[in-house]
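Asker:
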Amino acid sequence: MTTTEKINFSVADAVKEGLTQKEKSLPSWLFYNKEGDRLFQEIMKMPEYYLTNCEYDIFQKYKNEILSLISADVEGFNLIEFGAGDGLKTEILLKHFVDQKATFNYKPVDISKNVLNLLQQRMQKSIPDLDIEPINKEYFSALDALNEARKNPMVVLFMGGNIGNFELKNAHSFVNQIAEKLRTGDRIIMGFDMKKDPEMIRSAYNDAQGITRQFNMNLLTRLNNELDANFDLEQFKHYPSYDPQTGTTKSFLISQKKQTVHLKAIDTTIHFKAWEHIHVEVSQKFDEDMIENIATEAGLKVEKYFYDEKEYFADVVMRK
Ligand code: AVI
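Numbered continuously in numbering that gives the first Met the number 0, the sequence shown closes out at residue 319.
1. Helix, strand or coil, according to DSSP, for D206 in the structure here?
2. Throw me the rounded Cβ distance for the E41 and I210 pair, which I believe falls under 8 Å.
3. With hydrogens ignored, establish whether the beta-carbon of E34 is closer than 7 Å to any heavy atom of ligand 1.
4. Give a single yes or no on whether Y61 has its beta carbon closer than 7 Å to a heavy atom of ligand 1.
5. Within the segment 142-203, note down every full beta strand (DSSP E) run reaching 3 residues or more, in order along the chain.
6. Can you find the residues in the same chain that come closer than 6 Å, C-beta to C-beta, to G298, ignoring five residues on each side of it along the sequence?
7. Compute the distance between the beta-carbons of S282 and T248, then report whether it is under 8 Å.
8. Return no unless some Cβ of chain D is closer than 8 Å to the Cβ of Y105.
9. Would you identify the three-state DSSP class for L78, choosing helix, strand or coil?
10. Given K309, which residues of its chain have a CB within under 6 Å of its CB, disregarding the five upstream and five downstream residues?
11. Please classify D307: is it buried, with 16 or more other beta-carbons within 10 angstroms of its beta-carbon, or exposed?
12. Any heavy atom of ligand 1 inside 7 Å of the beta-carbon of G246?
13. Check T1 in the structure and name its three-state DSSP category.
14. Are the CB atoms of D227 and K263 nearer to each other than 8 Å?
15. Please give me, in chain order, every unbroken run of the beta strand (DSSP E) with length at least 3 that falls completely inside the segment 225-262.
16. Give me the DSSP bridge partner(s) of N104.
17. Alpha carbons only, please: which of F96, G159 and C53 is nearest the one belonging to G86?
18. Do you know offhand how far L252's Cα is from V279's?
19. Applying the 10 Å Cβ sphere with the 16-neighbour rule, what's the burial state of K195?
20. V73 to I65, Cα distance in whole Å?
21. Helix, strand or coil: which one does DSSP assign to A55?
22. Within its chain, find whatever has a CB closer than 7 Å to the CB of S27; leave out the 5 residues flanking it on each side and keep chain order.
23. So what does DSSP say about Y138, is it helix, strand or coil?
24. Is L218 near ligand 1, going by C-beta to nearest heavy atom under 7 Å?
25. Pick out whichever of T89, R121, V114 and K150 has its Cα sitting closest to the Cα of T183.
26. Since I269 is in the alpha helix (DSSP H), which residue starts that stretch and which ends it?
27. Distance, Cα to Cα, E291 vs M317?
28. Is the beta carbon of S282 within less than 7 Å of some heavy atom of ligand 1?
29. Buried or exposed, going by whether 16 or more other CB atoms sit within 10 Å of the CB of G75?
30. Comparing C-alpha positions only, which one of V155, E90 and E296 sits nearest to I69?
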């Protein structure tokens with residue numbers, strides 16, 4: 000088999016498209032290969048990366064209030080989680096809901112069968128009484144499929160600040176698209192990382208131990224391995240920026256000199272000027288006005304902001 004036959008074509012297409020544009024960029028989903036998943040787990044343990052602990056604290060503190068809110072006027076509910084990951088934080092809610100004998104089922108949605116299998120094994124072990132039904136589909140087709148057969152309201156969970164990885168206008172359309180598939184009374188619970196001290200935000204994306212740097216650089220290693228490319232990692236630099244005016248964190252890989260990189264498997268040569276950047280990630284930070292705008296545009300009403308103690312992060316309940 001030749002290298003070209005072995006490559007994953009969606010990776011190839013995304014890379015070719017991203018690196019041959021006038022302003023070079025790569026989509027952030029490319030971070031998450033096996034090594035990228037491992038490095039992201041490490042990032043979440045870094046003292047600078049406050050997001051994970053904040054959301055963990057919110058769920059610990061408000062699990063009962065969250066349950067009261069979503070179960071108050073219904074006989075039962077379907078809890079649909081988009082991109083559950085390792086499920087560590089969701090487990091806090093699920094355990095509590097089961098202990099309280101709430102009538103609900105848990106439907107994690109992911110396009111990776113492997114992620115779902117691991118999650119199911121984990122949940123069945125830690126919460127044997129949980130009614131869990133993984134859905135191996137894309138998010139919107141999962142909602143379509145659920146809508147065909149459901150009686151009870153839906154609560155869509157999208158946590159961890161993942162909404163911030165969309166460009167702001169795409170975050171709006173993502174929520175619009177979910178909301179279009181909801182019925183009156185359905186809810187979304189979404190995690191938003193809030194605007195805060197810019198120094199703190201920049202450190203979260205530039206930790207002292209250099210794990211985030213490795214996470215970003217791993218993208219180039221991935222292209223070297225999967226697309227038979229010859230990026231010299233020593234010649235690229237990880238650089239995160241935060242703009243307090245827009246609340247946008249951006250991560251760049253910056254070419255430290257004029258250089259040429261060849262990606263053999265896609266038969267592509269890329270020229271870099273000295274200090275030219277590749278834009279690799281957006282991590283948007285929000286304030287309440289921005290969240291209200293997202294909700295209102297989608298025809299949703301913000302019911303409640305659940306904040307951690309320092310108000311760094313919010314899990315927001317929005318209702319149709
Ligand atoms: C997954 N996502 C919410 C993370 C974030 O904070 O934007 C990804 C990340 N990138 C660098 N550090 C963490």
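Think of the CB as a built atom: it goes at the ideal place given N, C-alpha and C, for glycine as much as any other residue.
Answerer: Reading from the atomic positions:
1. Sequence index remark: in the sequence shown, residue 206 carries index 207 (1-based). DSSP places D206 outside both helix and strand once states are collapsed to three, so it counts as coil.
2. The count along the sequence shown starts at 1 and reaches residue 41 at position 42. The count along the sequence shown starts at 1 and reaches residue 210 at position 211. At roughly 5 Å, the Cβ-Cβ gap stays under 8 Å, so E41 and I210 are in contact.
3. To locate residue 34, count along the sequence shown from 1; it is residue 35. No, ligand 1 has no heavy atom inside 7 Å of this Cβ.
4. Here residue 61 corresponds to residue number 62 of the sequence shown, with the count starting at 1. Y61: no, Cβ never under 7 Å from ligand 1.
5. 153-157 and 186-192
6. Within the sequence shown, residue 298 is the residue found at index 299, counting from 1. Cβ neighbours of G298 beyond the five flanking positions: A178.
7. As a first step, residue 282 is located in the sequence shown; it is residue number 283 there, counting from the start. As a first step, residue 248 is located in the sequence shown; it is residue number 249 there, counting from the start. Against a cut-off of 8 Å, the Cβ pair of T248 and S282 comes out as a contact.
8. Looking at the structure shown, chain D is missing, and only one protein chain is on hand.
9. Along the sequence shown, one-based indexing puts residue 78 at 79. In the three-state scheme derived from DSSP, where H, G and I count as helix and E and B as strand, L78 is classed as strand.
10. Here the question's residue 309 lines up with position 310 in the sequence shown. Once the five neighbours on either side are set aside, K309 has no close Cβ partner at all.
11. One-based indexing of the sequence shown puts residue 307 at position 308. The residue is buried, with at least 16 neighbouring Cβ atoms inside 10 Å.
12. Within the sequence shown, the letter at position 247 stands for residue 246. No, the beta carbon of G246 sits no closer than 7 Å to any heavy atom of ligand 1.
13. Here residue 1 is taken as the residue at index 2 of the sequence shown, counted from 1. Per-residue confidence for T1 stands at a pLDDT of 41, beneath the threshold of 50, marking its modelled position as unreliable; no derived number is given.
14. The residue you call residue 227 lines up with position 228 of the sequence shown. The residue you call residue 263 lines up with position 264 of the sequence shown. Against a cut-off of 8 Å, the Cβ pair of K263 and D227 comes out as a contact.
15. Runs of the beta strand (DSSP E) lying entirely within the segment 225-262 and spanning at least 3 residues, in chain order: 235-242, 247-254 and 258-262.
16. One-based indexing of the sequence shown puts residue 104 at position 105. Paired residue(s): N77.
17. Numbered from its first residue, the sequence shown carries residue 86 at position 87. Looking at the Cα atoms, G159 is the closest of the given residues.
18. Working through the sequence shown from its first residue, we reach residue 252 at position 253. Working through the sequence shown from its first residue, we reach residue 279 at position 280. Near 7 Å, if we compare the C-alpha coordinates of V279 and L252.
19. In the sequence shown, residue 195 corresponds to position 196, counting from 1. With 16 or more other Cβ atoms within 10 Å, it is buried.
20. Position 74 of the sequence shown, counting from 1, holds the residue named residue 73. Position 66 of the sequence shown, counting from 1, holds the residue named residue 65. Those two C-alpha atoms are separated by around 14 Å.
21. Start at 1 with the first residue of the sequence shown, and residue 55 comes out as number 56. Note that residue 55 is Tyr in the sequence shown, not Ala. Note: Y55 maps to helix in three-state DSSP.
22. The residue you call residue 27 lines up with position 28 of the sequence shown. Closer than 7 Å at the Cβ level, and outside the excluded window around S27, lie N164, V279 and E280.
23. Taking the first residue of the sequence shown as 1, we reach residue 138 at position 139. Reduced to three states, the DSSP call for Y138 is helix.
24. Residue mapping note: residue 218 aligns to position 219 of the sequence shown, counting from 1. No, Cβ of L218 sits at least 7 Å from all heavy atoms of ligand 1.
25. In the sequence shown, the residue the question calls residue 183 occupies position 184. Among T89, R121, V114 and K150, the Cα nearest to that of T183 is on K150.
26. Residue mapping note: residue 269 aligns to position 270 of the sequence shown, counting from 1. It is not in any alpha helix (DSSP H) - I269 instead sits in the beta strand (DSSP E) that spans T267 to F271.
27. Walking along the sequence shown from the start, residue 291 turns up at place 292. Walking along the sequence shown from the start, residue 317 turns up at place 318. Each residue's alpha carbon lies about 9 Å from the other.
28. Here the question's residue 282 lines up with position 283 in the sequence shown. Yes - ligand 1 has a heavy atom lying nearer than 7 Å to the Cβ of S282.
29. The residue given as residue 75 occupies position 76 in the sequence shown. By the 10 Å Cβ count, G75 comes out exposed.
30. On the sequence shown, position 70 is the one that residue 69 refers to. Among V155, E90 and E296, the Cα nearest to that of I69 is on V155.
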